[in-house]
Amino acid sequence: MKLLPFENTWPYERIQDDIYFDECPNCGAENVLTYMKKEQLDDAFDGVKTDIIMPCCHYKITIAEADNDYLWATERLRK
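According to the working numbering, the sequence shown is numbered sequentially starting from 6.
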């Protein structure tokens with residue numbers, strides 16, 4: 006698989022089975038609880054693409070991969 010650039014990453018926090026973003030990459034809302042389920046995160050760890058919709062602004066992010074600190078998207082998330 007082609008290496009994704011760091012601009013395509015976004016940090017996340019996992020508290021039990023909940024996935025949080027400190028800030029939405031689209032609208033800047035703070036402390037966003039995503040609709041991402043544990044199974045989706047596990048799929049991302051295995052390299053299976055999964056979509057998440059941000060509840061604050063309905064922005065769709067396609068996650069290509071994940072590690073313990075970052076979600077790796079198919080598009081640029083950092084400005």
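Every residue gets a Cβ at the ideal spot worked out from N, C-alpha and C, and that includes glycine.
Look at L76 here: in three-state DSSP terms it is strand. In the three-state scheme derived from DSSP, where H, G and I count as helix and E and B as strand, A34 is classed as coil. In the three-state scheme derived from DSSP, where H, G and I count as helix and E and B as strand, K42 is classed as coil. With at least 16 other beta carbons inside 10 angstroms of its own, A71 counts as buried. Rounded to the nearest angstrom, the Cβ distance from I20 to T39 is 12 angstroms, too far for a contact under 8 angstroms. Taking C-alpha positions only, E35 is separated from C61 by approximately 9 angstroms. In the structure shown, D27 falls within a strand segment according to DSSP collapsed to helix, strand and coil.
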